[in-house]
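Input: a single structure, listed below in structure tokens.
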Amino acid sequence: MSHRPRIILDCDPGHDDAFALIVASKYTELLGVTTVAGNAPLELTTRNARIILDLCGSHAPLHSGANRPLVQPPVFADYVHGKSGMDGAVLPEPSRPADSSAAIDFIIDTVRAADDVWLVPTGPLTNIALALTRAPDLASKVAGISLMGGGRLGNRTPTAEFNIWLDPEAAATVFSCGAPILMAGLHLTHEFQATPGRVSAIEASHATLGPLLGGLLRFFARSYVDRHVGFEGAAMHDVCAVLALTHPQLFTSAQRFVGIDVCGNFARGMTVIDERKLIHRPSVNTTVLETIDADAGFARICEAVASCP
Ligand code: BDR
Ligand code: CA
Numbered sequence: 000m001s002h003r004p005r006i007i008l009d010c011d012p013g014h015d016d017a018f019a020l021i022v023a024s025k026y027t028e029l030l031g032v033t034t035v036a037g038n039a040p041l042e043l044t045t046r047n048a049r050i051i052l053d054l055c056g057s058h059a060p061l062h063s064g065a066n067r068p069l070v071q072p073p074v075f076a077d078y079v080h081g082k083s084g085m086d087g088a089v090l091p092e093p094s095r096p097a098d099s100s101a102a103i104d105f106i107i108d109t110v111r112a113a114d115d116v117w118l119v120p121t122g123p124l125t126n127i128a129l130a131l132t133r134a135p136d137l138a139s140k141v142a143g144i145s146l147m148g149g150g151r152l153g154n155r156t157p158t159a160e161f162n163i164w165l166d167p168e169a170a171a172t173v174f175s176c177g178a179p180i181l182m183a184g185l186h187l188t189h190e191f192q193a194t195p196g197r198v199s200a201i202e203a204s205h206a207t208l209g210p211l212l213g214g215l216l217r218f219f220a221r222s223y224v225d226r227h228v229g230f231e232g233a234a235m236h237d238v239c240a241v242l243a244l245t246h247p248q249l250f251t252s253a254q255r256f257v258g259i260d261v262c263g264n265f266a267r268g269m270t271v272i273d274e275r276k277l278i279h280r281p282s283v284n285t286t287v288l289e290t291i292d293a294d295a296g297f298a299r300i301c302e303a304v305a306s307c308p
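Take 0 as the starting number for the sequence shown in numbering that gives the first Met the number 0 and just add one per residue.
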């Protein structure tokens, strides 16, 4: 492990968010978890986060946040994650309620009170944008924002990735805020697939939790393997945003300006990456993650699962 960054994980579990939580519990100083509506309604993403924190043995504070995008109506990804947001296994009841429904206050207060906090959003960027709008000083106070979203291709539309597509206005606020941004986009995360062999390795990592996680991953794999050409398993998108901080040596990256299309007919929600070779071009605002050592990344997931109680 390279270092143990202090993070707030802002998520919408979500199968891959669940694994991001497990990896964050092992390898980061997890200051707190905030939830947002995205893959499923807010009550369900919050419930799922509570369950996963229990399974990791984590006592990190948990606060729920926005129950809908800033402008457009909520849309959920049950076609990927099922109605519960985490279909595929019988999950235990959570042991504790959320600490509050004031995620935005929690983000602001925590970033102001501590140095070098990374925000790690793995769902729509609604909570982060609301916090930055209410407290613009956060942009210069955070260590950075390591997010899963966008990329050089789309999934919800040909050009837009789900997290950015769902709340492009929030994404525009985040990408223009001035804080360092690490972007784990689809061109990267599609190379991080939970193949059958990797699912078996995760299952074998923990006697009780392993089979539960295997059930989740087999459900999650369906929407990839059945609906796409050339996928061997589900893309574990959200884990990349955590590993980029804890194990940066697994990645290659490029420095780019990235803008968000908020009004296109075909490209609303697209992360527009400036690839021009111009000498004078917009200033870099994003480290675009390009490649990942997938075998090494999955080994870190297995270690994190093995360390759960
Ligand atoms: C993103 O959308 C969600 O379905 C996943 O959890 C991930 O954050 C991938 O487009
Ligand atoms: Ca997610």
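The C-beta atom is built at its ideal place from N, Cα and C for all residues, glycine as well.
- Restricted to the region 250–284, the beta strand (DSSP E) segments that are unbroken, complete and at least 3 residues in length are 250–255, 257–259, 270–272, listed in chain order.
- Your pair G148 and G177 does not check out as a contact, with CB atoms roughly 18 Å apart and the cut at 8 Å.
- Taking all protein chains shown into account, E202 has 16 or more neighbouring C-beta atoms within 10 Å of its C-beta and is therefore buried.
- Separation of S222 and A193 (C-alpha to C-alpha, rounded to the nearest whole angstrom) is 13 Å.
- In this structure, T121 has its CB closer than 6 Å to one or more heavy atoms of ligand 1.
- Rounded to the nearest whole angstrom, the CA to CA distance from L118 to D104 is 14 Å.
- Between the region 107–121 and the region 140–156 there are three or more C-beta pairs closer than 8 Å, enough to call the two in contact.
- Of all alpha-carbon atoms in L215, V22, G31, P72, the one lying nearest the alpha-carbon of G87 is that of L215.
- Nearest to V35 by C-alpha distance, out of G263, L129, N154, is L129.
- Ligand 2 approaches G13 closely enough that one of its heavy atoms is under 6 Å from the residue's Cβ.
- A Cβ-Cβ distance of about 15 Å is found for the pair V173 and K140, leaving them out of contact under the 8 Å criterion.
- In the DSSP annotation of this structure, the continuous segment of the beta strand (DSSP E) that includes P120 starts and ends at 116–120.
- With a threshold of 6 Å, the Cβ atom of D77 does not count as near ligand 2, since no heavy atom of the ligand is closer than that.
- Counting the other CB atoms within 10 Å of its CB gives I278 a total below 16, which places it among the exposed residues.
- By the C-beta density criterion, K25 is buried, having at least 16 other C-beta atoms within 10 angstroms.
- The criterion of a C-beta distance shorter than 7 Å is not satisfied by P40 and M85.
- DSSP places R5 in the uninterrupted beta strand (DSSP E) bounded by 5–10.
- In the DSSP assignment, H62 forms a beta bridge with T33, S99.
- Under DSSP, L181 takes part in a beta bridge, and its partners are S145, T286.
- Distances from the alpha-carbon of M269 to those of A113, T44, A159 put A159 closest.
- Per DSSP, the beta bridge partners of Q192 are A234.
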